[in-house]
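A.B. asks: Residue numbers (my numbering), protein chains in the order written: chain A, 736 to 1092; chain B, 110 to 782; chain C, 32 to 181; chain D, 68 to 357; chain E, 1007 to 1282. A virtual CB, placed ideally from N, CA and C, is assigned to each residue, including glycine.
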Amino acid sequence: MRAKTITEEELCTFVADLVAAGTRVTAPVRAAEGKVDYRAITRFEEAAIGAELPRRSLKEFFLPPTEPLFSWRQGKGDVTVKPVSVSFPPHVVLGARPCDAAAVEILDRVMGWDYRDELWFGRREATTIVSVACPGIDGSCFCTATGRGPDSTRGSDLMMTPVDGGYFVEAVTPKGEAFVRTHAARFADVADPGTTVAAEAFRARARSRVAENLTLSLPALRSWLGSSFDHELWRTIALRCHGCGACASVCPTCHCFDIVDEPDGVRAGTRRRNWDTCQTARFTVHASGHNPRTDQNARFRQRVMHKFSIYPDRFGEVLCTGCGRCARACPGGMDLPEVLKTIAALAGADGPREAAV
Amino acid sequence: MARIGVFVCHCGENIGRTVDCARVAEELGKLPGVAHAIDYKYMCSDPGQALIKQAIAEKKLTGVVVAACSPHMHEKTFRRACGSAGLNPFLCEMANVREHCSWIHEDRDAATDKAVDLARFIVEKVKRNVPLETIRIPVTKRALVIGGGIAGIQAALDLADGGAEVILVEKEPSIGGHMSQLSETFPTLDCSQCILTPRMVEVYQHPNIKLMAYSEVAEVGGYIGNFDVKIRQKARYVDAANCNGCGACQKACIVRKVPSEFDEKLGKRTAIYVPFPQAVPNIPVIDRASCAYFKAKAKGVKKDACGKCKEACSKGAIDYEQADTFVTEKVGAIVVATGYTLYSIGKDQPEGLRGYGEYGYGTIPDVIDGLQFERLASASGPTAGKILRPSDGKEPKRIVFLQCVGSRDPAKGIEYCSKICCMYVAKHTMLYRHKVHDGQATVFYMDIRANGKGYDEFVRRAIEEDGARYVRGRVSRMYRDGETIKVQGFDTLSGEPVVIDADMVVLATAIRPQPGIEQLAQKLSASYDAHGFFNEAHPKLRPVETNTAGVYLAGACQAPRDIPDSVAMASAAAAKILGLFSKAELEREPTVAKVDAALCAGCFHCERVCPYGAITRIEVRDRKGNLVKIVAEVNPGVCQGCGTCQATCPSKSVELQGFTDEQIWSEINALLA
Amino acid sequence: MALPAEKIEAFEPRITAFVCNWCTYTGADLAGTSRLQMDPNVRIIRLPCTGRIDPLFVIKAFERGADGVIVSGCHPADCHYTSGNYHARRRFAVFNEILGFLGVEPERLTFSWVSASEGQKWREVVNDATARARRLGPFDAFRALAGRSA
Amino acid sequence: MKELQELARTLLSSGTVGVVIGWEEGPRGARPAFITDAADSSRLIFDHRCTHNLATYLSPRRPHMARLGKAAIVVKGCDARAVAGLLRETQVKREDVVIIGVRCGGVAADPAGAKPLTAETVAERCPGCTAREPHLADHVVGEAQPEPPGAPTRDARIAELDAMSAPKRWAFWQAEFARCIRCNACREVCPMCFCERCVGDKTEPQWLESSPHPRGNFAWHVTRALHQAGRCVDCGECQRACPADIPLGLLNRKIAGIVADRFDYRATDDPTVPAPIGAFSMSDRQEFIL
Amino acid sequence: MNLYQPNLVTISDLIDETPDTRTLKLTFQDPQLAAGFDFKAGQFGEYSVFGAGESTFCIASSPTRKGSIECTFKAVGKATRAMRELGVGDTMGFRGPYGNHFPVDRMEKASVVFVAGGIGLAPVRCVIWNVLDKRDAFDEVTIVYGARSVSDLVYKRELAEWASHADIKLWQTVDPGGETSEWKGEIGFVPAIVEKAAPSAKNAFAVVCGPPVMIKYTLPVLQKLGFADDRVYTTLENRMKCGIGKCGRCNVGPVYVCKDGPVFTAKELAALPPEY
């Protein structure tokens, strides 16, 4: 499909159309306390598309912080289980950041290998992700180092790039194409070839800006990690880490969860799954009280290993999109890009940027 | 799943009239985990209890809920029934559907719904109950009595006569306490020493009593049945084993003008002395501060300056090198009988108290306190029983007695009544008139409190037969006018100011606890009130116990007491202890708190809130013996089961057995059926 | 946010009472033996002492649908365990204010000292708490937290 | 700064301590530093971006910290109160820590960025602070600092909330708590949250539902607040750590007001002053009790 | 019904193996599942008590015995304590089977040595019965089983049965001090008894389950006896939540224990970081 453009005015109409048709529309919105969140909107004017990175990523729209898995009712010995629905109403995310969109696609792999998580994919299928290319945020961005970029289309169904008076739009997936076809009236063909050039220039600028922050050789990183479990680096890596898990909660790719039962009275209750994180001490505690991951250094090592060694080994992708949220959120000043830089130096992986994956 | 039996009692018509007991049983029967639910006319009757026992056996019940009256009424009954059927008694609980339901509601539907709810809570609780075993603590059948006044003597003798070994610790060189200083006692005017001295000797000679005079309690460890008490025996510089009490040393002593404590500074003693002739033990002690030998030593004089007593002692009992010694005794119970002290009329006052500048702060020599008057009136006193005033030794013809000096005077820091002053002032006026027939006693009083057997008659006698003049009112000022003391007051009955000329003034000063009592209380983990008197465990029901199990009270350490009250308390405490000692083991309800050492972080909030000092600190070490942390532990012998520690524990790492978090959570969760 | 009169009539509030064993529970027993009639809306949960009563109990009771909660124990100086009630007084003074600050209507919570001889007072506490909760209506705001309504 | 670095160097090279916990320059502004080699002492900084309360690192529940040996810790006046709290609650022994106090003129809410300290950037606890001079310290370094910029704002916001109707206040807090995802960052950074196992993680019974739904969130935040009563040192770490920007400082401030008003207790760096919860006074106000 | 929703099972029998260990026999309530449920020896499941949550253990019965499954557990956590409260007729939840399995097929025609300690016999028992039910397909069968004390031995009836089989070499042992006056078995720790039993490593496999310390000291003994480390199998018992490779909890190095395990060879284990 050929690239399209859409104006701000058409976007307003577009959102109104979607909402009227019963589609849930989510976009970055500036909250009362000044921060930006992905939130439901009813009018495009509520959205803050070009604002800073939202506080949390998109993952919560597919793996909510808490969700019921089923509820039960207990009789005398017998139990009745009431399932939850695994089909979801149509949903459009408008103005997703490429790092957030990419993360969702990366997570499709773990959510779908062997056992298919219906709750995740139910929401995935109901959702169309319209991303907007990112100009780069600050010194903690390192999407380019993870093999993605501020203009990466991974995980997006449609990608918009800001241009004068609106956006340059490309359909990435068949779903995206169908979406454009369905709403064809809102999109225009690219009339001026300069628009394409401007869009590409915007992206190139963003890429080089982010690339200044960090460059990595992912394969070298991965191979170093694979053989450096006992490296002395880990012994003091996380002294300043509180094990609070703020990083995991803002991370677009951290997906660990807990399953808990919540009784509601004598007979009834709900089993839920809740976000969890390997950064807390109790995450790995066995019923016997034995905790195989003994201290915070080991827990932080697990986080790095899982993202840059274990997940790529298993699924061929690093479990990180370089959004930098963890570094920004950390109350103790832990800084993943800095850690990666250190490892890269150790691994000889700090060479010129490679087109990984 | 649990197999709970629910037994709904009609209590005749008492419950059945307003609660549909059959429906309660039916509804409860539908709950998960309820294996058996019936209603019956009288659950507490023999056939009712038989139903429970039968169901326990036949239905293999894992818990029993009796929905009936208040657990205060029949919990013991039903737990006993369960116990006899082989079910741990603590797996049985009651739901109160009578006092809390049928008796207070008329609407049958509402009352029945409520009864179902109440029983459901308890069913859910009982699902979480675990078998508990009665706690058994071995008891050391020895008692420690602290204080050798009349209360301590009485307690020691009662205990010893009851077969218990007793250690009696007295901080002064002799037992006897304040009672030994008194001349006569109210309301019978019998001679104090005549009744006390034989008791003192009895203590000395009793095979079950180990008397440790001139000693103090240094440390107290352990708990009821198992206290370890470290006692400091102060150096007497006289070898008690060799001394035969002949008195030669005192005759030889060159320091003869030390004010006598026993005579309340109205008489003199030597530096080596026994406080009074009937002292028990009759072994002298050297007062280091006034002894010429020790003074010289302190100044660095190399050659012995004195040593007269040593020379005089034919037994070689004088030992200037003696030092304080410590012994540790194991006891099962402790009686505190530390008595009282008098509010000082001087300028130096403890914190919170203000002395009486308006009475001259003790600068007028003929203004004395009640105990000093006792010494003047005593045949064994410094004046051999003659009433002579201290300043010039003349016989006072006009004595003014002031009641409530300190007492009942919040402005001076003491709001309580000292209880005994009304009586002893009346006694003093009588003793005075009996000795000085033309003397006039005038008493300033607020009101007369004479509520004991023969007390009011006694006061009346003082007024009517012995001519004491009672003026209701307070004295605002006293000052010297030549040899006379002007006592300026206000007669509140006549509404007139009065000024009375006196030759001597006796102040009935307030009864205060002994100094140092707070420290002793802390050693015992016992609490004390704002004035420093020991707190009883319950003002009505446990008046001679403290909140520390195994520590008992006798006499004026708890509040101002007269002799009969003190003796009664002492006997009561002894009876309590003999009861405790009557069994080899102490049995306690197992509803005590338990700390999970793995989860305790050692913040010790529990220690701060525990009213009983039941929390101790223990070290947790790893396999290699390295200290991991220090955590709290509950001494089940001391814990009374209030559970304040658990509510205070931030992480809920201490659980009160019988009221665990799981049990209470389950009850609350059961708000939703 | 008081309910309209006709709704107040129909609404039977659910009230949970956490009471100490020695004073209030016994006082409630006395109310029973004295046959003092009172509103049937209160369900008592017995604890040894107010010192054992944890604010978590109150939160849990609201979570389980209570429209009002009573916490009651021995008067100052009457505590069977000497000082449990003093500790409870501090704890609940803070808890009460925090709940208020978070927007729980203070009328939902009743604290009282009821001694073993105050059966009459217990009746008043019960009836007052019931009346207040009735006026406020169901605690839907709290139930909504769990996605439930009355 | 020199003074601080020199002191650290001396403490480390003399073997007095194994680690100096202070601040350093990080990729995103100031951040905690753990200096174990005297030669690295020059990394230590102190300026208005050093907002972190380092006392959290003294928690005995951090075995990887204990391995570094005896610690010297750099504290602002407010942080010293946390050290006092740890001493008071027997988590730390006084002889096991060297306390280096720094005089403080207020710190920024965000340690990142080099913006000067202004009324806009200052941490909300700082204006009007009375704890800028640490007393609980073995060494106090630095010059006396000027008053932090800006005026206190929290009391006014609390008064505003207090003036609202209960349902309005309820709505306000529910909107705030709705963002909570129960990551527990507020707890983990709190120097006074040192429990071996938080009541929030107790599962038998599960008093506090771990799910980040409104009911679990409410129970958690009430309980956290209550457990901070008379213990919170107002270092602001919980609010700073919160990835959802929930105004926990407001709640803490309210509680501080309650304990000051009722029990005459204010956070202090004097460890001998007993905490108000766990104690009582016969004359505690009981106007809320029938 | 999603992945995380368990199947309902009824407790059809209950055996107290030791004072703190219990075996439950579970029957699927769905008749189709009851008839068709299949699994392989060594696979595990998530067992749930509604209101208390899930806990993870191996299926302790043999896949050759259809109709129901068994699990053996100790009450150590919230869910297992709740399981102990249940009785015959009560309903539980079960998800599974999950994970890999012991390669029983690969072991055919070979000798098998089973080494188990304490409740570690549960996963081994599953293989033992699997092997015994096809006894002719295997060569020598040796079982070394030990527990802290006589009362801690699980599956006592089955031990007696195995002992009576002429074609099984059964060594039972208890730790020193754990014996009773009637005890006729060995006294000593499991590794020592393995050494004493000295099973031949020739064309043999070993299956080892038990407390970590037992495994740690048994592996060198087996090595000494000549067992290749890729012919020695054991299981890991990491904390799990989902059981299906999503929740991240059981991740140890490159391995998801719930997917790649719980059965590992000693060789695989040696390559793992020590976070299990």
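Going by DSSP, what residues sit across from E/K1175 in a beta bridge?
C.D. replies: Looking at the DSSP output, E/K1175 sits in a beta bridge with E/T1148.
A.B. asks: On the CB-based measure, 16 or more other CB atoms within 10 Å of its CB, does B/S603 come out buried or exposed?
C.D. replies: exposed
A.B. asks: E/D956 versus chain B: which residues are under 7 Å apart at the beta carbon?
C.D. replies: Only positions 1007 to 1282 of chain E appear in this structure, which leaves residue 956 of chain E out of reach.
A.B. asks: Return the CA-CA distance between A/I741 and A/F922, expressed in angstroms with no decimal places.
C.D. replies: 5 Å
A.B. asks: Please report the distance separating the alpha-carbon of D/C302 from that of A/L953.
C.D. replies: Straight-line spacing of the CA atoms in D/C302 and A/L953 works out to 40 Å.
A.B. asks: With burial defined as no fewer than 16 other Cβ atoms inside 10 Å of the residue's Cβ, what is the status of B/D433: buried or exposed?
C.D. replies: exposed
A.B. asks: Restricting to Cα atoms, I'd like to know which of B/L253, B/G548, B/Y541, B/Y533 is closest to B/A559.
C.D. replies: B/Y533
A.B. asks: Please say whether B/S487 and B/Q766 have beta carbons closer to each other than 9 Å?
C.D. replies: no
A.B. asks: Please report the distance separating the alpha-carbon of E/L1225 from that of E/A1272.
C.D. replies: 8 Å
A.B. asks: Take B/G416 and list the residues in its own chain whose beta-carbon comes closer than 7 Å to its own, dropping the five residues that flank it on each side.
C.D. replies: So the qualifying residues of the chain are Y402.
A.B. asks: Could you pull out every unbroken alpha helix (DSSP H) segment of at least 4 residues lying fully inside the segment 1048 to 1112 of chain E, listed in chain order?
C.D. replies: 1084 to 1091
A.B. asks: Look at the Cβ atom of A/G1068, then the Cβ atom of D/P178, and state whether they are nearer than 9 Å.
C.D. replies: yes
A.B. asks: Within 9 Å of any Cβ in chain A, is that where the Cβ of E/C1064 sits?
C.D. replies: no
A.B. asks: At the level of alpha carbons, what is the spacing between B/I572 and B/H546?
C.D. replies: 14 Å
A.B. asks: Can you list, in chain order, the residues of its chain whose CB lies under 6 Å from that of B/I609, leaving out five sequence neighbours each side?
C.D. replies: V509, T551, V596
A.B. asks: Would you list the one or two residues that DSSP bridges to B/T434?
C.D. replies: Answer is B/Q342.
A.B. asks: So the beta strand (DSSP E) B/I609 belongs to, where does it begin and stop?
C.D. replies: 605 to 611
A.B. asks: Take every Cβ of the segment 1215 to 1234 of chain E, pair it with every Cβ of the segment 1250 to 1258 of chain E, and state whether three or more of those distances are shorter than 8 Å.
C.D. replies: no
A.B. asks: C/F49 bridges to which residues according to DSSP?
C.D. replies: C/I76, C/V102
A.B. asks: For the candidate residues E/R1237, E/A1277, E/P1268, E/C1077, whose alpha-carbon lies nearest to that of E/N1244?
C.D. replies: For the options E/R1237, E/A1277, E/P1268, E/C1077, the alpha carbon positioned closest to that of E/N1244 is the one of E/P1268.
A.B. asks: Check for me: the beta strand (DSSP E) holding E/K1202 runs from which residue to which?
C.D. replies: Counting along the chain, E/K1202 falls outside any beta strand (DSSP E), though it belongs to the alpha helix (DSSP H) covering 1196 to 1203.
A.B. asks: Name the chain D residues whose beta carbon is nearer than 7 Å to that of E/K1084?
C.D. replies: T270, E271
A.B. asks: Mind listing the chain A neighbours of D/R110? Cutoff is C-beta to C-beta under 7 Å, in chain order.
C.D. replies: Here the premise fails: no neighbours, minimum Cβ distance about 13 Å.
A.B. asks: From B/D372 to B/F482, what does the alpha carbon distance come to, in whole angstroms?
C.D. replies: 10 Å
A.B. asks: Counting only runs of 3+ residues fully inside the segment 826 to 897 of chain A, write out the beta strand (DSSP E) ranges in chain order.
C.D. replies: With a minimum length of 3 residues, the continuous beta strand (DSSP E) runs that stay inside the segment 826 to 897 of chain A are 826 to 831, 862 to 867.
A.B. asks: Using C-beta distances below 6 Å, list every residue in its chain close to B/A388, excluding the 5 sequence neighbours before and after it, in chain order.
C.D. replies: S283
A.B. asks: Under 9 Å, Cβ to Cβ, is there at least one residue of chain B near E/G1093?
C.D. replies: yes
A.B. asks: Flag E/L1014 as yes if its beta-carbon sits less than 9 Å from any beta-carbon of chain A, otherwise no.
C.D. replies: Interface residue, yes.
A.B. asks: Please report how far the alpha carbon of E/P1197 lies from the alpha carbon of E/F1108, in whole angstroms.
C.D. replies: 21 Å
A.B. asks: My parser needs the alpha helix (DSSP H) runs of 4 or more residues fully inside the segment 138 to 180 of chain C; what are they?
C.D. replies: 150 to 167, 171 to 176
A.B. asks: Does the beta carbon of E/V1258 sit closer than 9 Å to a beta carbon anywhere in chain A?
C.D. replies: yes
A.B. asks: Please list, in chain order, the chain D residues whose beta carbon lies closer than 7 Å to that of A/D1030.
C.D. replies: P130, H131
A.B. asks: Select from D/V159, D/A218, D/T185 the residue whose C-alpha is nearest the C-alpha of D/S126.
C.D. replies: D/V159
A.B. asks: Near D/E73, which residues of its chain fall below 8 Å by C-beta distance, leaving aside the five closest residues on each side in sequence?
C.D. replies: S108
A.B. asks: When the distance is taken between beta carbons, is C/G104 closer than 9 Å to C/C80?
C.D. replies: yes
A.B. asks: Going along the segment 66 to 85 of chain C in order, which residues come within less than 9 Å of chain B, judged by CB to CB distance?
C.D. replies: R66, L67, Q68, M69, D70, P71, N72, V73, R74, I75, I76, R77, L78, P79, C80, T81, G82, R83, I84, D85
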